[in-house]
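415 is the number of the first residue of the sequence shown in the working numbering; add one for each residue after it. A short worksheet on the structure shown next.
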Amino acid sequence: MADGDEKAVIRRLRGIGSEKKGFRIFRAMSSAVDATGNPIPTSAVLTASAKHIGLRCMPENVAFLKCKKNDPNPEKCLDKGRDVTRCVLGLLKDLHQKCQKEMDDYVGCMYYYTNEFDLCRKEQEAFEKVCPLK
């Protein structure tokens, strides 16, 4: 059985497919931002955005990790932690503004399939096409 066939079988066995009404409803409910436009960093949102976060927030993450390595006192690194959080939330807001539909579809798929990348490759490809990694 080819790899693509196996994935289709898994989806059929689970009774899940992108054409199912429940899946479409779920996608509509699973937005990356709240009603005011502020990002909601759920596990599905963070997992779907991980590549973008890794690239765009690398300096903040490196500074935070260096701080944690050099000083075991958590209070000493609070400012670095805030910088990481600010970067991630800003990135999520930017991504949602630039590619709302594709991000919502990808996040919805990731949430629906419990963050299983293999079952959301189509949505991932569409998301990364509209919001490419830079």
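We put the CB at the ideal spot given by N, CA and C, even for glycine. Values in this document were obtained by computation on a predicted structure and should not be read as measured data.
Beta-carbon contacts of residue i that lie in its chain and below 8 Å, excluding the five residues immediately before and after
i: H466; result: L505, L509, C545 and L547
Chain-order list of residues whose beta-carbon lies under 6 Å from that of residue i (same chain, five-residue window excluded)
i: A477; result: K494
Spatial distance of residue i from residue j (CA atoms)
i: E516; j: L533; result: 15 Å
i: Q538; j: P473; result: 25 Å
i: K536; j: G468; result: 21 Å
i: L479; j: P486; result: 11 Å
Nearest-angstrom Cβ-Cβ length linking residue i and residue j, presumed shorter than 8 Å
i: P453; j: K507; result: 5 Å
i: C491; j: K482; result: 5 Å
For residue i, the nearest candidate out of the options (CA to CA)
i: G451; options: K490, Q511 and K536; result: Q511
i: L460; options: K543, A540 and C501; result: C501
i: A458; options: N529, E537, K536 and F541; result: N529
i: A540; options: V521, Y526, Y527 and Y525; result: V521
i: D448; options: Y525, D518 and M524; result: D518
i: S463; options: Y527, R496, L503 and E489; result: L503
i: Q363; options: K480, K543 and Y527; result: The first residue shown for the chain is 415 and the last is 548, placing residue 363 beyond what the model contains.
Own chain, CB closer than 7 Å to residue i, minus 5 neighbours either side, in chain order
i: N475; result: V498
i: Y527; result: L533 and C534
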